[in-house]
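Report on the following structure.
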Amino acid sequence: MISREKHDRMANAIRFLSIDAVEKAKSGHPGLPMGAADVATVLFSRYLTFDPKKPNWPDRDRFVLSAGHGSMLIYSLLYLLGYDDISLEDIKNFRQLGSPTAGHPEYGHAAGIETTTGPLGQGLGNAVGMAIAEHKLANEFGSDLVDHHTYVLAGDGCLMEGISQEAISLAGHLKLNKLIVFWDNNSISIDGPVSLTDSTDQLARFAASGWNTLDIDGHDPEAIAQAIEAAQKSDRPTLIAAKTVIGFGAPNKAGTSGAHGSPLGDKEIAGTRKALGWDEEPFVVPSDILDAWRLAGLRSVKDRKAWEARLADTNNDVRMAFERRMSGELPGELQPAITAYKKKLADDLPTVATRKASEMALEVINGVVPETLGGSADLTGSNNTRTSQTKAITPDDFSGRYIHYGIREHGMAAMMNGIALHGGLIPYSGGFLIFSDYCRPSIRLAALMGIRVIHVLTHDSIGLGEDGPTHQPVEQMAALRAIPNLLMFRPADTVETAECWQIALESANRPSGIALTRQNLPTVRTDFTEENLCSYGAYDLVSASDAEVTIFATGSEIEIALEARQMLEANGHATRVVSVPCFELFEEQSTEYKRAVIGDSKVKIAIEAGIRQGWDRFIGADGLFIGMTGFGASGPYKELYEHFGITAEAAVTAVEARLHDEV
């Protein structure tokens with residue numbers, strides 16, 4: 108038990124490190140760390156299970172600062188608790204170039220930061236994913252190996268963002284009772300009082316979503332402790348509404364928006380030091396308080412060692428499977444399974460939609476990769492993301508491998524990030540490509556963090572037909588290709604689809620999107636090659652050493668390109684066809700390879716049922732493009748391709764005209 112006097116001084120260490128760091132940087136948000144310091148002190152010094160010297164211990168509790176603008180709270184804690192990655196110098200270099208103490212917490216910059224939280228509500232969505240992963244792995248490996256909580260500190264802004272409702276409603280439905288959310292209920296946003304914009308009864312909202320709710324004084328350490336203990340015993344996820352004062356202790360700015368996102372200033376800091384009885388110089392923590400925090404950092408060492416002993420005593424096969432999965436290493440069975448499957452495709456030459464081709468590949472993959480965890484945003488029958496191995500997870504049975512996310516694309520994508528960050532599982536999910544716009548913030552963060560999540564994005568063009576322009580992606584491929592570190596695939600047939608899936612699984616440090624058709628396509632890779640040709644990003648599907656014309660295409664338009672080639676060859680024009688399943692992988696090839704693929708044909712033409720943006724890399728600014736220049740229309744897909752001129756005939760006409768002009 109920590110005395111109230113010691114608790115106050117430990118909390119004040121967080122407050123003044125945060126105040127001083129923000130002041131030195133002349134930038135940042137001091138108000139949240141000052142207001143939430145009491146909650147953080149109780150949680151980290153008495154309840155959170157973690158080990159700063161083994162920060163990636165798999166059975167540690169997860170802590171997510173969803174209100175990422177209050178980043179100095181987590182940085183102060185990591186320094187005080189003895190994490191090696193955050194030094195006092197790093198605290199002094201808050202928000203400076205090259206420092207791990209970035210403006211918002213960034214995954215990978217320092218141990219103890221479980222996820223990148225910037226856009227509000229993302230952390231809450233990630234935490235739901237972490238809690239799903241914990242529950243799933245506990246079901247699979249048992250509570251001796253997996254038994255921990257996920258804690259979140261969320262602010263008013265996190266709860267205002269729409270993603271929060273998507274996340275909390277699924278968490279309540281799934282009864283994720285090891286998820287505990289602290290709401291830093293300080294009633295202040297940047298513009299002023301929250302009452303300017305919101306009058307939601309948050310406790311009633313969470314209760315209606317299936318949560319246990321508690322309402323406490325966020326500055327009363329015993330009330331905080333009792334709430335945590337009650338939450339740990341709940342059969343549902345818990346919201347702890349902790350009433351706090353933003354900028355606690357500041358004589359003039361406490362409880363106002365003035366403490367939210369700006370340094371306090373020398374005069375206000377001096378007044379805060381006086382009000383809280385803190386006589387230390389900037390960045391100085393009294394030795395007895397630093398010792399108390401360092402002891403708190405050692406509190407769970409015995410738990411970690413006991414866990415390691417249990418792991419060592421576990422059945423050898425189970426232990427090896429657990430360790431392999433937590434390391435992110437794929438099973439050795441994957442490569443031979445894909446090779447055998449590709450051989451079968453070369454024999455069978457199926458004509459199917461690539462969404463069906465994806466299901467066929469997944470049937471193979473899910474049979475040999477037990478850590479895949481599928482799902483869909485209420486589009487299972489359209490996305491073809493469920494296979495014979497993936498029965499559904501339910502609130503009362505987590506033995507399945509498939510999550511019905513409901514119509515919650517944004518929340519789904521954030522939860523997938525949390526599942527991947529937790530470790531031990533590889534999440535993939537299905538949605539329509541058009542709705543990637545709803546997923547985009549989370550996809551971008553997955554790319555920023557460098558984590559393995561896989562988005563199956565079907566109905567990838569005007570080829571979906573009758574649903575019309577609201578559902579027909581036109582600019583989405585270009586927009587997603589613009590995200591750094593994201594692999595965007597658009598396979599042309601069953602073989603390319605299998606290869607793209609293999610690459611996505613093997614890409615442990617980046618997310619992937621696989622855009623797939625609704626309409627049937629022939630198998631165009633008719634000869635078996637063990638090598639994964641899609642790994643080059645672009646390759647000669649049909650070679651011609653003296654090609655007068657080169658056609659570049661992806662996905663469903665490869666079929667059109669091959670037809671156009673036949674017509675051009677019949678007219679005496681030697682023509683290559685280059686399949687371009689992934690722009691990003693092509694850019695990672697050698698200069699010589701890229702030069703050879705692009706080639707020096709007189710005429711270069713690209714065909715894709717989307718906008719031109721990005722294709723000039725292949726065809727040049729004066730190259731020909733057959734695709735979309737505006738939105739789609741409602742009608743049968745074959746009529747739409749004719750209507751918008753995405754046909755072999757249109758391509759041939761354009762090429763012939765260009766060749767004629769060059770004579």
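Residue 230 in the numbering used here sits at position 123 of the sequence shown, with consecutive numbering throughout. Virtual Cβ for every residue (Gly too), placed ideally from N, Cα, C.
Under the criterion of beta carbons closer than 8 Å, Glu603 and Arg625 do not qualify as touching, at roughly 17 Å. Contact check for Ile347 and Ile287: beta-carbon distance about 7 Å, within the 8 Å limit, so the pair qualifies.
Secondary structure of Ser306 (DSSP, three-state): coil.
Per the coordinates, the alpha-carbon of Pro140 lies some 10 Å from the alpha-carbon of Ala366. Runs of the beta strand (DSSP E) lying entirely within the region 671-724 and spanning at least 3 residues, in chain order: 682-686 and 710-714. Just so you know, the alpha carbons of Gln696 and Glu769 end up roughly 32 Å apart. Per the DSSP secondary-structure output, Met595 pairs in a beta bridge with Gly620. In terms of Cα proximity to Asn491, the closest of Val459, Pro477, Ala755 and Ile500 is Val459. Counting only the Cα atoms, Thr461 lies some 28 Å from Glu676. Out of Ala403, Val408, Arg411 and Ile297, the CA that lies nearest to the CA of Gly362 is found in Ile297. A direct Cα-Cα distance of roughly 15 Å separates Ala357 from Asp115. CA-CA distance, Asp327 to Gln272, rounds to 28 Å. When Asn473, Val649, Asn359 and Gln309 are compared, the shortest CA-CA separation from Gly264 is found for Gln309. If you check the CB distance, Thr657 and Ser619 do not come in under 7 Å. In terms of Cα proximity to Ser663, the closest of Ile533, Ala599, Gly228 and Ser642 is Ala599.
Distance from the Cα of Asp634 is smallest, within the candidate group Ala554, Lys451 and Tyr258, for Lys451. The three-state secondary structure of Asp327, taken from DSSP, is coil. Ser341 sits close to Asn284, with the two beta carbons spaced by under 7 Å. Secondary structure of Ala499 (DSSP, three-state): strand. If the five residues before and after Ala651 are omitted, its C-beta is found closer than 8 Å to the C-beta atoms of Ala681, Thr682 and Arg683, all from its own chain and listed in chain order. Residue nearest to Lys711 within the set Cys546, Glu763, Thr208 and Gln609 is Glu763 (criterion: CA-CA distance). Out of Ser250, Ala218, Lys131 and Asn678, the CA that lies nearest to the CA of Leu766 is found in Asn678. A straight-line Cα-Cα distance of about 12 Å links Asp127 and Trp385. Under the three-state reduction of DSSP output, Lys350 falls in the strand class. If you ignore the 5 residues before and after Ala554, its C-beta comes within less than 8 Å of the C-beta of Ile590, Pro591, Asn592, Leu593, Arg617 and Pro618, all in its own chain and listed in chain order. Taking the CA atoms as reference points, Arg547 sits about 15 Å from Asn233. Taking each of Gly138, Ala484, Tyr214 and Ala585 in turn and checking the Cα distance to Gly372, the smallest one comes out for Gly138. Beyond the five residues adjoining it in sequence on each side, Ile621 comes within less than 6 Å, by CB distance, of Val563, Phe596 and Cys607 in the same chain, given in chain order. In the structure shown, the three-state DSSP call for Ile753 is coil. Note that the C-beta distance between Glu715 and Thr661 is below 7 Å. By DSSP's assignment, Val649 forms a beta bridge with Val684. Ile331 places its beta carbon 7 Å or farther from that of Val475. Three or more beta-carbon pairs separated by less than 8 Å are not found between the region 462-470 and the region 638-646, which leaves the two stretches without contact. Phe732 and Ala713 have their alpha carbons spaced roughly 5 Å apart. Taking C-beta atoms as the reference points, Asp158 and Val408 count as a pair closer than 7 Å. If you draw a 10 Å sphere on the C-beta of Ile526, you find 16 or more other C-beta atoms in it, and that means buried.
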